[in-house]
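All residue numbers in the sequence shown are consecutive under my numbering, ending with 243. Heads up: the structure comes next, in C-alpha cells.
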Amino acid sequence: MTISATTSGTMMLDLTGMGEDNPLPSGASQVEMGYFYQSPPPASVLDNQLEMVTHWAIQTASGTFEGTYATPGAGSYTFTEPPIRFTRVSPANTETIANLDTANPPQARDYLYIHPIDAREAYTVSHDTVLYRDAQ
C-alpha cells in the first residue's frame, strides 16, 4: 500500500499487489483520496491521527455527486461508490484511539487502519487489524 501526493495536490492510494486483501470496490488498484475534513487539517491533527477517505460517489434525488471529503451533505442518498475511511496514527500520537483492543493493541505507534465510513458500524483497532509501515 502506498499513499502519495499527486501533481494536482490530492493524494493517491495505490493497492497494487494486495490481491484478495484489496478493500477497494470493483477490484480497483488505485483511488484518489482526500482528508476526512473539507480542508486540510491543522498540524496538531497531523501530529496525532490523520483521517483520510477515498473518492466516493452518491446518488440523490437531484443527481449524482462525487467527492473526496466525507460529508456529502444533508438529505437522503445512496452510495454508488462507497468510500473507505483510513486513519494514520503517528508515532507522536497523544490522542485516544477509538475502539482500541487493549488485550491485543498495535505493537507500534506508526500504523494505518481501515474502518467504516459509518461510525455506527463496529470495528476494532488491534495488532491483527492495522497495517504497519515497512521498515525503511
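Where a beta carbon is used, it is the ideal one built from N, C-alpha and C, also for glycine.
Q. What does a CB cutoff of less than 6 angstroms around alanine 199 pick up in its chain, not counting 5 residues either side in sequence?
A. Mapped onto the sequence shown, residue 199 falls at position 92. The answer, listed in chain order, is Asp154.
**Q.** C-beta atoms of glutamate 158 and threonine 194 nearer than 9 angstroms
**A.** What you label residue 158 is simply residue 51 of the sequence shown in a count that begins at 1. What you label residue 194 is simply residue 87 of the sequence shown in a count that begins at 1. Yes.
Q. Going by alpha carbons, who is nearest to glycine 126 out of Ile110, Ala135, Gln156 and Ala210?
A. Counting from 1 along the sequence shown, the entry for residue 126 is found at position 19. Of the listed residues, the one whose Cα sits closest to glycine 126 is Ala135.
(Q) What would DSSP say about glutamate 127, mapped onto helix, strand or coil? (A) Along the sequence shown, one-based indexing puts residue 127 at 20. If DSSP states are grouped into helix, strand and coil, glutamate 127 belongs with the helices.
Q | Buried versus exposed call for leucine 120 [16 or more other C-beta atoms within 10 Å across all chains shown] | A | Taking the sequence shown and counting its residues from 1, the one referred to as residue 120 is at position 13. Classification of leucine 120: buried, given that the 10 Å Cβ count is 16 or more.
**Q.** glycine 116, buried or exposed, once every other Cβ within 10 Å from all chains shown has been counted against 16
**A.** In the sequence shown, counting from the first residue as 1, residue 116 sits at position 9. Classification of glycine 116: exposed, given that the 10 Å Cβ count is below 16.
**Q.** Buried or exposed by the 16-neighbour rule on C-beta atoms within 10 Å, applied to glutamine 214
**A.** To locate residue 214, count along the sequence shown from 1; it is residue 107. Label assigned to glutamine 214: exposed.
Q: List the residues that DSSP assigns as beta-bridge partners of glutamine 137.
A: Your numbering for residue 137 matches position 30 in the sequence shown. Beta-bridge pairing links glutamine 137 to Asp121.
Q. Taking the continuous alpha helix (DSSP H) assigned at valine 152, which residues delimit it?
A. Sequence index remark: in the sequence shown, residue 152 carries index 45 (1-based). It spans 150–153 - the alpha helix (DSSP H) in which valine 152 sits, taken as one unbroken run.
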